[in-house]
Amino acid sequence: MAPLYKIAVVQLYPKPMQIESNFGKAETFIRSAATLGAELVVLPEYHLTNWVPKDPKFLELCGQWETYLNKYRALAKECGICIVPGTIVEWHRGAEKEGDRLLNVAYFIDQQGEIIGKYVKKNLWGPERDHLTSSGRDVHGVFDTPLGKVGMLICWDLAFPEAFREMISQGAKIVIIPTFWTLNDCSKFGIAHNANAEALFLDSTLTSRTFENTCAIVFANAGGPPGRGYAGLSQVVAPYVGPLTRLGTCAEGMAVAELDMAIVEDAEVNYQIRADLARDDWHYDYRPCKSKERL
Numbered sequence: 011m012a013p014l015y016k017i018a019v020v021q022l023y024p025k026p027m028q029i030e031s032n033f034g035k036a037e038t039f040i041r042s043a044a045t046l047g048a049e050l051v052v053l054p055e056y057h058l059t060n061w062v063p064k065d066p067k068f069l070e071l072c073g074q075w076e077t078y079l080n081k082y083r084a085l086a087k088e089c090g091i092c093i094v095p096g097t098i099v100e101w102h103r104g105a106e107k108e109g110d111r112l113l114n115v116a117y118f119i120d121q122q123g124e125i126i127g128k129y130v131k132k133n134l135w136g137p138e139r140d141h142l143t144s145s146g147r148d149v150h151g152v153f154d155t156p157l158g159k160v161g162m163l164i165c166w167d168l169a170f171p172e173a174f175r176e177m178i179s180q181g182a183k184i185v186i187i188p189t190f191w192t193l194n195d196c197s198k199f200g201i202a203h204n205a206n207a208e209a210l211f212l213d214s215t216l217t218s219r220t221f222e223n224t225c226a227i228v229f230a231n232a233g234g235p236p237g238r239g240y241a242g243l244s245q246v247v248a249p250y251v252g253p254l255t256r257l258g259t260c261a262e263g264m265a266v267a268e269l270d271m272a273i274v275e276d277a278e279v280n281y282q283i284r285a286d287l288a289r290d291d292w293h294y295d296y297r298p299c300k301s302k303e304r305l
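Counting from 1 along the sequence shown, just add 10 to a position and that's the residue number in this note's numbering.
Structure below.
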């Protein structure tokens with residue numbers, strides 16, 4: 011019998027530069043998720059600081075990344091819950107390996123407080139490129155977790171189906187996507203066609219990715235006050251049914267869904283996506299990451 015997982019998505023409003031206050035809200039949501047029996051809770055991208063890279067104090071706050079990562083590790087162990095603490099922007103000053111760089115990082119922390127997965131954002135949104143360092147040509151990794159094989163992406167990575175193919179070919183059944191995606195990310199020309207274009211982008215792409223990759227997606231987006239462009243729409247999505255739960259506005263909040271992995275297995279039996287990717291005569295020029303653990 012396929013496992014059943016209870017998953018919480020937190021649509022947190024990251025008040026700009028209010029790192030301790032934002033952590034306090036995140037902690038409250040995490041404790042609530044644990045009380046409800048969730049095995050995994052996922053927070054949004056930039057949830058500790060918001061995205062204000064030109065603020066003179068932004069780098070200083072990003073220099074505290076390890077302090078907050080350790081707080082989440084301790085919280086995961088105390089509450090007995092897996093945590094993906096959105097993304098934490100890390101400022102590495104003169105470190106031998108990382109250099110003097112800003113990295114946008116998602117971690118998977120298990121219920122013992124151990125880090126069992128790490129992903130640095132690869133596909134940077136335009137304004138990020140002046141500040142962040144991409145993970146470049148590194149392969150999208152897949153991690154063995156208490157919820158099976160999991161892959162992680164961050165925000166704009168969603169727009170690249172190749173990212174999913176790399177992870178699916180390595181056996182990922184769940185893809186977690188912390189996000190800071192706003193309605194204002196659309197150009198004025200796009201908004202002239204449809205003021206809710208970005209919401210349409212998110213809802214349609216999330217559902218289609220689950221079908222075309224026979225996987226489930228856990229999507230946690232930032233929320234915020236109405237009229238400021240926050241999109242929200244955090245959701246847990248599966249093939250055949252679409253959103254199992256969905257926060258339909260930009261309001262701050264949390265939703266919990268029960269994900270029956272049988273639906274992912276049934277979708278693969280029907281669509282045979284993973285089986286096709288594993289064939290030696292796979293016919294597209296682009297070949298996903300080869301691995302002995304594709305299926």
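Glycine included, every Cβ here is placed at the ideal spot set by N, Cα and C.
Keep in mind that this is a model prediction, so the values were computed, not measured.
Mapping DSSP to helix, strand and coil, what is residue i?
i	result
G127	strand
Y78	helix
P13	coil
P253	strand
E303	Because E303 carries a pLDDT of 47, less than 50, the predicted location of this residue cannot be relied on, and no value is offered for it.
A48	coil
Y294	coil
P137	helix
P156	coil
G200	helix
E278	helix
T259	coil
D65	coil
E100	strand
I178	helix
P188	strand
Does the Cβ-Cβ distance between residue i and residue j come in under 8 angstroms?
i	j	result
L167	N114	According to the sequence shown, residue 167 is Asp rather than Leu. Cβ atoms of D167 and N114: not closer than 8 angstroms.
F199	V160	no
I164	E55	yes
I126	V185	no
H203	M177	no
M27	D65	yes
L243	L212	yes
G34	R83	no
G239	T192	yes
G96	A230	yes
I29	L85	no
I273	P236	no
L254	A241	no
V247	T217	yes
Q21	E208	no
E37	C72	no
For residue i, which of the options has the nearest alpha-carbon?
i	options	result
R289	I273, S179, A173, Y15	S179
T45	E176, D140, E88	E88
I98	P66, W61, G123	W61
A116	W191, M162, G90, L243	M162
L53	A265, T217, S197	A265
G158	P24, F170, D270, E208	D270
E50	I283, E100, P156	In the sequence as presented, Glu is not what sits at residue 50; that position holds Leu. Considering only alpha carbons, the answer is P156.
I187	L287, E262, A169	A169
G252	D276, E275, F221, N32	F221
G47	I91, K81, N32	I91
R103	K128, Y78, Q74, D140	Q74
R175	T259, Y294, D154	Y294
Can a CB atom of chain B be found closer than 8 angstroms to the CB of residue i?
i	result
L85	Checking the listed chains, one finds no chain B in this structure; it contains a single protein chain.
By the 10 Å Cβ neighbour count, where 16 or more other Cβ atoms means buried, how is residue i classified, buried or exposed?
i	result
H57	buried
R219	buried
V94	buried
V152	buried
A173	buried
N194	exposed
V279	exposed
D323	No information on residue 323 is available, as it lies outside the stretch 11 to 305 that the chain covers here.
T224	buried
G386	It is not possible to answer for residue 386, since the shown part of the chain is limited to 11 through 305.
E303	Below a pLDDT of 50, predicted positions are generally treated as unreliable, and E303, at 47, falls in that range; the measurement from the model is reported next regardless. Counting Cβ neighbours within 10 Å, E303 comes out exposed, since fewer than 16 surround it.
E182	Residue 182 is actually Ala in this sequence, not Glu. Buried, by the Cβ-count rule.
**OP:** Flag this pair as touching only if the segment 139-155 and the segment 16-30 have three or more C-beta atom pairs under 8 angstroms; answer yes or no.
**Re:** no
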